[in-house]
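Residue numbers (the working numbering): 2 to 130.
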Amino acid sequence: MMLAHTPQTTTWLKVSFSNLKTEKGQIYFALYKTKASFMQIEQAALAEVFSLADAQKGIYVSVTPGQTYAFTIFHDENGNGELDKNGLGIPKEGYAFSNNATGAFGPPSFDKAGFQCSMDCEQTIKLNY
2 MMLAHTPQTT TWLKVSFSNL KTEKGQIYFA LYKTKASFMQ IEQAALAEVF
52 SLADAQKGIY VSVTPGQTYA FTIFHDENGN GELDKNGLGI PKEGYAFSNN
102 ATGAFGPPSF DKAGFQCSMD CEQTIKLNY
């Protein structure tokens, strides 16, 4: 008897980060599935808040192979639930995007930050301050 190969329906994404400036605050993580929802927190496929201790062990997310995703992460140092910015709109707290993507004047596009996991995968990103 032969068994047909069944495609994997979910896999795990592990997100690790470096360059943490302080040991205060929390980590905000949001995962997006579409260009239209990218950077719209209310449309995120997943939005979670992690203690620094938990986030430093890695953020694990169940994802679907073949689906394109992008994520945002920021270090809410003062615990106010927002990414604080200066008068020019430049973030004052640590932030990063999947693929360590950057934008010229503002956030990167979904295409630039987008990735797929065909099997368990990991992204290690550097927080920008």
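Beta carbons: idealized from backbone N, C-alpha and C, even for Gly.
Task: Bounding residues of the beta strand (DSSP E) (the contiguous stretch that carries leucine 32) - done: For the purposes of this step, residue 32 is taken as residue 31 along the sequence shown, with counting starting at 1. Residues 27-33.
Task: Cβ pair count under 8 Å reaching 3, the region 41-54 against the region 104-121 - done: no
Open item on the list: Which same chain residues end up closer than 6 Å to serine 119 when comparing Cβ atoms and leaving out the 5 residues on each side of it in sequence?
Closed with: For the purposes of this step, residue 119 is identified with residue 118 of the sequence shown, where counting begins at 1. Hits under 6 Å: Pro66.
Task: tyrosine 33, buried or exposed, once every other Cβ within 10 Å from all chains shown has been counted against 16 - done: Within the sequence shown, numbered from 1, the residue matching residue 33 stands at position 32. Tyrosine 33 should be labelled buried.
Task: Inter-residue Cα distance where the pair is asparagine 101 and isoleucine 126 - done: As a working mapping, residue 101 is identified with position 100 in the sequence shown. As a working mapping, residue 126 is identified with position 125 in the sequence shown. Approximately 6 Å between the Cα atoms of the pair.
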